[in-house]
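Colleague:
Number of protein chains: 2
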Amino acid sequence: MSDPIEPLGGETVFKGKTFSVAVERFRHHDGEQVEREVVRRQDAAAIVAYDDECVWLVRQPREAILRFTLELPAGKLDVEGESPLQTAQRELGEEIGKSARHWQAVISYFSSSGYSDEQVHIFAATGLRDVDAEPDPGERIEIVAWPLADLDAAIEACEDAKTVIGLQWLAAARRTP
Amino acid sequence: MSDPIEPLGGETVFKGKTFSVAVERFRHHDGEQVEREVVRRQDAAAIVAYDDECVWLVRQPREAILRFTLELPAGKLDVEGESPLQTAQRELGEEIGKSARHWQAVISYFSSSGYSDEQVHIFAATGLRDVDAEPDPGERIEIVAWPLADLDAAIEACEDAKTVIGLQWLAAARRTP
């Protein structure tokens with residue numbers, strides 16, 4: 002069942018600032034052709050940044066779902082030539098005002114592989130220290146230092162995929178040192 | 002920071018079979034208006050179906066990312082009037098050929114809240130038994146009975162958000178009965 006899927010091209014039907022949409026055709030190994038509507042979007046990097054007491058989260062507006070959500074700091078890979086790790090390091094400074102001595106790749110996942118190619122790379126960051134950072138004035142971001150003692154409550158309170166995944170990982174990592 | 006976000010309307014720029022795209026405006030509490038490109042898509046339900054030995058997964062083609070992925074059985078809430086739980090129950094029959102005596106809501110999350118309103122509702126299903134089901138002939142789905150003893154390897158092997166979240170939850174639930 003893991004035969005290759007051959008892309009046959011398609012048509013871009015929307016080209017936006019943050020993603021585009023294409024209607025594309027693909028050929029399966031047995032010759033059958035299928036058509037799919039696909040969102041093409043830059044990948045993202047997210048950070049599980051924690052010390053002995055807290056994991057550092059952000060609360061920010063998500064207009065698409067009309068609410069403020071509690072999330073891992075994260076950002077799109079929108080700087081030319083930047084690796085996922087470099088994006089994570091930059092975003093930790095911009096959103097939380099910290100740098101980290103130790104970085105670990107946790108997991109990379111696709112947000113919703115049925116219709117989008119967006120992949121998110123999650124890193125753990127420890128050995129945190131404060132840095133001078135100019136927060137992006139356009140971002141309405143509140144920094145939340147969530148106590149690790151209440152990590153299960155953070156998993157309950159968060160609502161987006163990357164944050165659930167990152168905090169579930171952290172809870173498991175703390176159980177099995 | 003949790004002030005309401007007021008939707009001001011917008012324009013649908015793509016209307017597809019599985020999602021639409023709109024450029025919409027929103028007003029924040031302080032009066033500032035922002036514009037967002039938003040994917041509007043039906044929500045989905047996914048199932049962590051397991052017995053004493055296995056968790057039941059599917060391997061299926063995801064053309065958008067040109068690969069076959071190992072996933073929780075899942076489906077869109079595309080039947081009028083169906084609740085997320087009912088969709089999960091239907092999909093467990095259609096994709097795995099099983100019904101379950103016990104259902105538990107695990108978590109609901111947004112796939113990628115920066116640009117999409119898609120929410121996925123994950124349920125755990127136990128007390129499984131075989132049912133007569135007609136698999137959808139259009140779906141190239143291979144059923145995979147993954148041994149619970151190798152659950153960590155499944156978390157490594159899967160690549161999509163719902164499956165990572167569901168299997169991390171199962172691993173944690175098995176650690177703390």
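Protein chains in written order, with our numbering: chain R, 2 to 178; chain E, 2 to 178. For glycine and all other residues, C-beta sits at the position ideal for the given N, C-alpha and C.
(1) Taking only runs of the beta strand (DSSP E) that begin and end inside the segment 9-80 of chain E, which ones reach a length of at least 3 residues, in chain order?
(2) For the segment 9-21 of chain E and the segment 12-32 of chain R, state whether three or more C-beta atom pairs, one from each stretch, are separated by less than 8 Å.
(3) Specify, as a first and last residue, the run of the alpha helix (DSSP H) that residue 156 of chain E falls within.
(4) Is there at least one Cβ from chain R nearer than 8 Å to residue 170 of chain E's Cβ?
(5) So, for residue 103 of chain R: in the same chain, excluding its five sequence neighbours on each side, which residues have a beta-carbon less than 6 Å away from its beta-carbon?
(6) In the DSSP assignment, the alpha helix (DSSP H) including residue 173 of chain R goes from what residue to what residue?
(7) Rounded to a whole number of angstroms, what is the C-alpha to C-alpha distance between residue 40 of chain E and residue 119 of chain E?
(8) Can you tell me where the beta strand (DSSP E) holding residue 102 of chain R begins and where it ends?
(9) Is there a Cβ from chain E that is less than 8 Å from the Cβ of residue 15 of chain R?
(10) Once you ignore the five residues that flank residue 37 of chain R on each side, which residues in its own chain have a CB closer than 7 Å to its CB?
(11) If the criterion is Cβ atoms closer than 8 Å, does the pair residue 1 of chain R and residue 50 of chain R meet it?
(12) Tell me whether residue 122 of chain R is buried or exposed, calling it buried when 16 or more other Cβ atoms sit within 10 Å of its Cβ.
(13) Going by beta-carbon coordinates alone, are residue 48 of chain R and residue 74 of chain R separated by less than 8 Å?
(14) Using the C-alpha atoms, what's the distance from residue 42 of chain E back to residue 95 of chain R?
(15) Taking the CB atoms as reference points, tell me whether residue 89 of chain E and residue 124 of chain E lie closer together than 8 Å.
(16) Sorted by chain position, which residues of the same chain lie with C-beta nearer than 7 Å to residue 98 of chain R's C-beta, five sequence neighbours on each side aside?
(17) Taking DSSP as the reference, what is the three-state secondary structure of residue 2 of chain R?
(18) Report the rounded CA-to-CA distance for residue 110 of chain R versus residue 153 of chain R, giving the unit in angstroms.
(19) Note down, in chain order, all residues in the segment 96-114 of chain E with a beta-carbon under 9 Å from any beta-carbon belonging to chain R.
(20) With a threshold of 8 Å between beta-carbons, can residue 124 of chain R be considered close to chain E, or not?
Modeller: Taking the structure as given:
(1) 20-28, 34-42, 45-50, 55-63, 68-72 and 75-77
(2) yes
(3) Numbered from its first residue, the second sequence carries residue 156 of chain E at position 155. Counting along the chain, residue 156 of chain E sits inside the alpha helix (DSSP H) bounded by residues 152-158.
(4) By 1-based counting over the second sequence, the position of residue 170 of chain E is 169. Yes, its Cβ sits closer than 8 Å to a Cβ of chain R.
(5) Taking the first residue of the first sequence as 1, we reach residue 103 of chain R at position 102. Around residue 103 of chain R: 127 and 128.
(6) As a working mapping, residue 173 of chain R is identified with position 172 in the first sequence. 162-176 is the extent of the alpha helix (DSSP H) around residue 173 of chain R.
(7) Translated into positions along the second sequence, residue 40 of chain E becomes position 39. Translated into positions along the second sequence, residue 119 of chain E becomes position 118. Looking at the two C-alpha atoms, the distance is approximately 8 Å.
(8) Sequence index remark: in the first sequence, residue 102 of chain R carries index 101 (1-based). Counting along the chain, the beta strand (DSSP E) containing residue 102 of chain R begins and ends at 99-111.
(9) Residue 15 of chain R sits at position 14 when you count from the first residue of the first sequence. Yes, residue 15 of chain R lies at the interface with chain E (some Cβ there is under 8 Å from its Cβ).
(10) To locate residue 37 of chain R, count along the first sequence from 1; it is residue 36. Contacts found: 25 and 27.
(11) Any property of residue 1 of chain R remains undetermined from this structure, which presents chain R solely from 2 to 178.
(12) The residue labelled residue 122 of chain R in the question sits at position 121 within the first sequence. It counts as buried.
(13) As a first step, residue 48 of chain R must be located in the first sequence, where it is residue number 47. As a first step, residue 74 of chain R must be located in the first sequence, where it is residue number 73. Their beta carbons are under 8 Å apart, which means residue 48 of chain R touches residue 74 of chain R by this criterion.
(14) The count along the first sequence starts at 1 and reaches residue 95 of chain R at position 94. The count along the second sequence starts at 1 and reaches residue 42 of chain E at position 41. Cα-Cα distance, rounded: 31 Å.
(15) Locating residue 89 of chain E in the second sequence gives position 88, counting from the first residue. Locating residue 124 of chain E in the second sequence gives position 123, counting from the first residue. For residue 89 of chain E and residue 124 of chain E, yes; Cβs fall inside 8 Å.
(16) Counted from its first residue, the first sequence places residue 98 of chain R at position 97. Contacts found: 131, 132 and 134.
(17) Here residue 2 of chain R is taken as the residue at index 1 of the first sequence, counted from 1. Here residue 2 of chain R scores only 47 on pLDDT, less than 50, and its place in the model should not be relied on; the value that follows carries that caveat. Residue 2 of chain R: coil per DSSP, three-state reduction.
(18) Taking the first residue of the first sequence as 1, we reach residue 110 of chain R at position 109. Taking the first residue of the first sequence as 1, we reach residue 153 of chain R at position 152. When rounded, the distance between both Cα atoms is 22 Å.
(19) 108, 109, 110, 111, 112, 113 and 114
(20) Position 123 of the first sequence, counted from the start, is the residue given in the question as residue 124 of chain R. Answer no: the Cβ-Cβ gap between residue 124 of chain R and chain E never drops below 8 Å.
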